[in-house]
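Residue numbers (the working numbering), protein chains in the order written: chain A, 16 to 376; chain B, -6 to 432. Cβ coordinates follow ideal geometry from the N, Cα and C atoms, glycine included. Quick notes on the structure that follows.
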């Protein structure tokens, strides 16, 4: 995937050259309020969060397929040696077992951090997540809960992942009360949000944009810190259009905002939703009341995608403020294709075109 | 990286009569040969990382031994006589009487609550007829702090641990005293104080959860065990396979207790599995396993006690398959005469019932008389009826509880929905049964 991200520097024939990534990662400014920082990419910021957790919480355990040697994306490198094999361990290859086991660990009062190797493979665990984890507290009258459970999974397109290494399944889980679903856009966000998920007393699913694991590099605080859940972040203020996304797509929208300003003189307000469930309705609606136009963009297929929930709620709350129909620029209603990925993804030109249509409505 | 072979040098040196060097070289070459032996694929021993076994040159499929399968351990015969005195756990009269009273109290409660569903007083019920031995025998062998994950037909475990009749009733009636706050169908019991995790309807989901809980409990180092109950039908679920495999590979102090009662609703065991029941699967996972007579409360007790002792001492899971028979229907939504004969059911009710067998054991020792039986039946029925009447009269929980405990905290969007329901109910109150609920 390094080739897909950086593009090919050598001269090859047209048929062999792979595309550069569809976005440019834009690092956030160095945070000054959390103490000393260190250059980290996304997977290193995850490792740092997990390291902080294992250090401060003696009950915390990390488990899943291949986490012992460091994980297929290197998120758990060094942790087994540092904290012991009873705390960082491989499980058999069985997602329903990984999540079921994780629920049990949490119910017994320990902190459980379960890794699913790819979000595409989370579906065998769907019953345990939706019927068990999400409902544990409610159905037991608050006698039992699995708030100590956090599930992490690599998420989203990666240039060549195709059907089963590119999915963004957040919409399936957004429909499940009792869960929290969180997606970071960057290393600084990832560490803070992951630590919040781990501390949160509700079962959380944390999706990590895999295309950013190596491509996204920032100065990340070494010490633990939390970024609040269910609080969307306004990354840049604007007056004409509200752009909402999460994860990798934020970087696409930031570029779209620049394009809109340069080429159309349109001022965009960019919002990173961060928490999909429960989502920050107030921040998004406040923005749409101001701008009158909303564009939501995600890689997942458009029908039933999370943009539909946002769109539906915003039109209920802000109907009279809308200057144009709410626009959704999303993946098509197909499985995620391999060779057709450059055509499938909601890239900056599709988003740019959608803004043009909204402005001229 | 082939280790240097000194054999050649050894012979050369010896030939040239430089014996010390030759002998030293010969000795070293033997060590090298030994080293080489561990990785030498030309030697006749399998080297596969996946299995350590011998080679065989006869083509033969292993016969799954269904006809003469794993034997059934029992202590009493069907008339309650001890077969092998060394296996009699020799429990005190007080303990045995308690077993008996708990089993019969459960039976009495089952009859009354089943009837109450038939009369429309509660919405649903599941009886435990015929399986009382599996509950009481296993519960008695555990520590009160051991964590229990159940399926739905283990009410006797809760009863043994002292769950009050009022709480059983409150859950079934979903009244304001229900610890579960009225959220689940009847028989979905749970008790934090008694370490009995609240039951859920999806089958077998508790099995990998029990493995996780046992792992956490192992790390706590407090000598607690976890027990996980499930039926032979639930054992077909993928979650069962997951739970067995995880508990064995991760070395969890866990007892898997399978109630093999012959039916999963209408599906008999010969349509549920083709192998030798559930016990035969244990060795496939590397698990110590046993099959017991589930209607023999002492056999269940002995097996569970030993499994618990070793599970905690050795940090490994144990599988107990308790053979029994589901005398009642699957639930109040089932009429089992549609798929099995009355004769079959009567056999188990009359000839091989855990309660009768224990009673024979007690009467043989002069611990229980006809008079005791009569007065106990009367007293237990009275106690159950009183709890029943109290539960009937109690209001349902405040409808506010519809909205709480979804998350640990109330979230804004849910709060808005709650407010909208209240406004609606205020406006249309005559259409909502508010009088039945607490304010």
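{"query": "Please name the residue in 147/B, 139/B, 257/B whose C-alpha comes closest to that of residue 473/B.", "result": "What the structure shows of chain B is the stretch from -6 to 432, and residue 473/B is not part of that stretch, so it cannot be assessed."}
{"query": "Mind the definition here: the stretch 325 to 343 of chain A touches the stretch 304 to 317 of chain A only if three or more C-beta pairs lie below 8 Å; say whether that holds.", "result": "yes"}
{"query": "Tell me whether residue 16/A sits in a helix, a strand or coil according to DSSP, three-state version.", "result": "With a pLDDT of 43 at residue 16/A, under the threshold of 50, the predicted position of this residue should be treated as unreliable, though the coordinate-derived value follows. Coil at residue 16/A, not helix or strand."}
{"query": "Under 6 Å Cβ to Cβ from residue 21/A, same chain only, skipping five residues before and after it: list those, please.", "result": "A caution first: residue 21/A carries a pLDDT of 46, below 50, which makes its placement in the model unreliable, though a value can still be read off. So no residue of the chain qualifies."}
{"query": "By the 10 Å Cβ neighbour count, where 16 or more other Cβ atoms means buried, how is residue 288/B classified, buried or exposed?", "result": "buried"}
{"query": "Considering Cα atoms alone, identify which of 84/A, 129/A, 263/A is closest to residue 170/A.", "result": "263/A"}
{"query": "Across which residues does DSSP place residue 283/A in a beta bridge pair?", "result": "256/A"}
{"query": "Please check if any C-beta of chain B sits within less than 9 Å of the C-beta of residue 106/A.", "result": "yes"}
{"query": "Three or more C-beta pairs under 8 Å: does that hold for the stretch 230 to 240 of chain A against the stretch 47 to 62 of chain A?", "result": "yes"}
{"query": "Kindly indicate which residue of 374/B, 316/B, 277/B, 393/B has the alpha-carbon position closest to the one of residue 44/B.", "result": "277/B"}
{"query": "What residues are listed by DSSP as bridge partners for residue 130/A?", "result": "79/A, 167/A"}
{"query": "Considering only C-alpha positions, which residue in the set 98/A, 187/A, 102/A, 322/A is nearest to residue 141/A?", "result": "187/A"}
{"query": "Distance, Cα to Cα, residue 337/B vs residue 326/B?", "result": "20 Å"}
{"query": "Taking 9 Å as the CB-CB cut-off, is residue 413/B touching chain A?", "result": "no"}
{"query": "Just by C-beta distance, which residues in the stretch 114 to 125 of chain A are closer than 9 Å to chain B?", "result": "114, 115, 116, 117, 118, 119, 120, 121, 122, 123, 124, 125"}
{"query": "Have a look at 93/A, 166/A, 125/A and flag the residue whose alpha-carbon is nearest the alpha-carbon of residue 113/A.", "result": "166/A"}
{"query": "Going along chain B, which residues have a C-beta under 8 Å from residue 159/A?", "result": "183, 185, 190, 191"}
{"query": "Output the residue ranges of the beta strand (DSSP E) runs that lie fully inside the stretch 208 to 238 of chain B and measure 3 residues or longer, sorted by chain position.", "result": "219 to 224"}
{"query": "So residue 154/A contacts chain B; which residues on that side make the cut at Cβ distance below 8 Å?", "result": "173, 176, 177, 181, 191, 193"}
{"query": "Strictly by DSSP, which residues pair up with residue 59/B?", "result": "Answer by DSSP bridge pairing: none, since residue 59/B is not bridged."}
{"query": "Are any of the Cβ atoms in chain B nearer than 9 Å to that of residue 131/A?", "result": "no"}
{"query": "With 16 as the cutoff for other CB atoms within 10 Å, does residue 294/A come out buried or exposed?", "result": "buried"}
{"query": "Between which residues of its own chain and residue 271/A is the CB-CB distance below 6 Å, once the five residues before and five after are set aside?", "result": "363, 366, 367"}
{"query": "If contact means a Cβ-Cβ distance below 7 Å, which residues of the stretch 204 to 217 of chain B contact chain A?", "result": "204, 205, 206, 208, 209, 210, 212"}
{"query": "So, residue 197/A versus residue 219/A, is the Cβ gap smaller than 9 Å?", "result": "yes"}
{"query": "In terms of alpha-carbon separation, which member of 267/A, 258/A, 71/A, 77/A lies closest to residue 93/A?", "result": "77/A"}
{"query": "Here's a check: name, in chain order, each residue in its chain whose Cβ is nearer than 6 Å to the Cβ of residue 171/B, leaving out the five neighbours to either side.", "result": "163, 164"}
{"query": "Give the DSSP-derived three-state secondary structure of residue 190/A in the structure shown.", "result": "coil"}
{"query": "Mind checking residue 129/A: buried by the 16 CB within 10 Å criterion, or exposed?", "result": "buried"}
{"query": "Please list, in chain order, the chain B residues whose beta carbon lies closer than 9 Å to that of residue 405/A.", "result": "Examination of residue 405/A is not possible in this model, given that chain A is present from 16 through 376 alone."}
{"query": "Grab the span of the alpha helix (DSSP H) containing residue 132/B for me, first residue to last.", "result": "125 to 134"}
{"query": "Take residue 227/B and list the residues in its own chain whose beta-carbon comes closer than 7 Å to its own, dropping the five residues that flank it on each side.", "result": "144, 196, 197, 233"}
{"query": "By the 7 Å beta-carbon criterion, what residues does the stretch 384 to 407 of chain B contribute toward chain A?", "result": "398, 399, 400, 401, 404, 406"}
{"query": "Please tell me whether residue 23/A has its Cβ less than 9 Å away from any Cβ of chain B.", "result": "Bear in mind that a pLDDT of 46 at residue 23/A, under 50, signals an unreliable position, so the number given afterwards is only what the model happens to contain. No, residue 23/A lies away from the interface with chain B (no Cβ there is under 9 Å from its Cβ)."}
{"query": "How many angstroms separate the CA atom of residue 59/A from the CA atom of residue 66/B?", "result": "55 Å"}
{"query": "Check whether chain B comes within 9 Å of residue 17/A, counting only Cβ atoms and requiring the distance to be less than that.", "result": "Its pLDDT being 43, under 50, residue 17/A is placed unreliably by the model, and nothing is read from it."}
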